[in-house]
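*Asks:*
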Amino acid sequence: MIAVIKIGTPQSQVDNLIDWIESQNVSVHVSAGHYQTVLGLIGDTSKIDMELIENLDIVDTVKRISEPFKSANRKFHPDDTVVDVSGVKVGGGNFAVIAGPCSVESHDQIIEVANKVKASGANMLRGGAFKPRTSPYDFQGLQADGLELLIEAKKQTGLPIVSEIMNANHLDLFEEVDLIQVGARNMQNFELLKELGRTKKPVLLKRGLANNLKELLMSAEYIMAGGNENVILCERGIRTFETYTRNTLDLAAVPMLKELSHLPIIVDPSHASGISRLVKPMAFASVAAGADGLMIEVHNDPLNALCDGAQSLTPEQFDDVSKKVQRILEVVRS
Ligand code: PEP
Ligand code: MN
């Protein structure tokens with residue numbers, strides 16, 4: 168339920184109302200805009216008498232909202248959230264270009280890719296260390312050693328680093344990871360989400376393979392309900408009946424999520440298509456659709472990559488995409 172307070176209401180009267188609402192075991196999220204204050208009632212509002220609040224002199228309108236996500240909801244937070252990832256801002260007009268290999272494979276590989284993507288305009292470096300592979304016999308990532316190499320690449324380039332966590336027990340290892348990724352397969356690992364909610368670390372939450380947007384936002388809500396509001400959403404394609412592409416990129420998710428939520432939303436055209444030659448057009452389309460950033464897999468030697476070589480761009484291909492993306496961004500912003 169949200170209550171819009173009449174313009175010009177003295178703060179003391181707003182505070183009295185908040186005290187009364189809180190005495191009903193409902194918490195209040197206050198959104199104080201330039202002109203209007205909006206109270207978001209969070210919790211079990213079923214016992215609150217809506218008409219009673221509506222008839223108060225200081226209340227303009229009261230609305231029950233059906234969406235179960237409160238913290239992620241744009242209704243309570245009209246302005247875009249800007250997530251600060253170690254100095255790199257994402258959202259609210261700030262565009263993230265996250266690039267790097269699917270997996271960290273060696274010192275030379277990650278350092279070479281890090282330097283090249285930086286030179287091409289990436290403002291964050293990605294690299295998987297704990298890999299969620301469909302087969303237990305496939306390369307599982309270099310794990311803790313992979314994170315060490317990624318941290319080394321961060322030291323050399325200054326780029327904030329992004330890596331996927333699969334187990335909350337590994338959180339200590341992620342101390343120096345600037346943006347912790349929750350992969351598609353763990354989008355509904357609620358215990359992991361709750362644990363991340365207890366930190367202040369920025370989280371990149373990827374949409375599950377078969378999850379709708381409400382479920383994605385409810386997963387963001389798990390993190391935010393714990394007190395961590397630093398959530399970036401990621402559309403990475405969903406599973407459909409189509410087999411020519413690895414997943415089906417749901418680009419309408421971008422403007423739809425922007426309507427529903429204030430959180431930044433980035434697109435991963437690499438996992439969405441699974442085919443390197445499709446990454447460029449899908450990256451362009453994502454920017455045109457209003458995405459707050461891109462995450463693109465880049466490998467120095469895609470043919471010999473230990474994971475996801477087929478969808479990885481070479482550094483040269485990435486350079487071309489990255490430069491043209493900036494031109495599309497100019498059009499979108501104009
Ligand atoms: C990844 O980004 O490396 C990854 C495994 O992506 P997803 O969880 O979207 O499949
Ligand atoms: Mn990958």
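Take any residue in the sequence shown, note its place counting from 1, add 167, and you have its number in the numbering used here. The C-beta atom is built at its ideal place from N, Cα and C for all residues, glycine as well.
1. For V488 versus K425, is the C-beta spacing smaller than 8 Å?
2. In angstroms, rounded to a whole number, what distance separates the CA positions of S287 and A266?
3. With DSSP collapsed to three states, give me the class of L418.
4. Helix, strand or coil for N471, going by three-state DSSP, please let me know.
5. Is any heavy atom of the ligand PEP found at a distance shorter than 7 Å from the C-beta of R406?
6. CB of G313 to nearest heavy atom of the ligand PEP: below 7 Å?
7. Say whether the region 209-229 touches the region 364-384, bearing in mind that this needs 3 or more beta-carbon pairs closer than 8 Å, one atom from each stretch.
8. Taking just the CA atoms, how far does Y389 sit from I172?
9. Return the CA-CA distance between T324 and L346, expressed in angstroms with no decimal places.
10. Consider the C-beta atom of C474 and the heavy atoms of the ligand NAP; say whether any pair is separated by less than 7 Å.
11. If we require 4 or more residues per run, which alpha helix (DSSP H) segments fall completely within the region 350-386?
12. Within the region 272-303, note down every full alpha helix (DSSP H) run reaching 4 residues or more, in order along the chain.
13. At 3 residues or longer, what runs of the beta strand (DSSP E) sit wholly inside the region 219-250?
14. Pull the bridge partners of M503 from the DSSP assignment, please.
15. Is I174 helix, strand or coil by DSSP?
16. Taking only heavy atoms of the ligand PEP into account, decide whether any of them is closer than 7 Å to the Cβ of G267.
17. Any contact between the region 339-356 and the region 369-386? By contact I mean 3 or more CB pairs, one from each, below 8 Å.
18. At which residues does the alpha helix (DSSP H) containing T324 begin and terminate?
19. Rounded to whole angstroms, what is the Cα-Cα separation between S479 and N222?
20. Using CA atoms only, rank isn't needed, just tell me which of E342, A320, E319 and I332 is closest to G308.
*Replies:* Judging by the given coordinates:
1. no
2. Rounded to the nearest angstrom, the two C-alpha atoms are 10 Å apart.
3. coil
4. In the displayed model, N471 falls within a helix according to three-state DSSP.
5. no
6. no
7. No, because fewer than three Cβ pairs between the region 209-229 and the region 364-384 fall closer than 8 Å, the two stretches do not touch.
8. 28 Å
9. 16 Å
10. In terms of ligand content, the structure shown lacks the ligand NAP and carries the ligand PEP and the ligand MN instead.
11. 357-364
12. 274-286
13. 226-230
14. Not covered by the structure: residue 503. The range shown for the chain is 168 to 501.
15. coil
16. no
17. yes
18. Q310 to T324
19. 59 Å
20. I332
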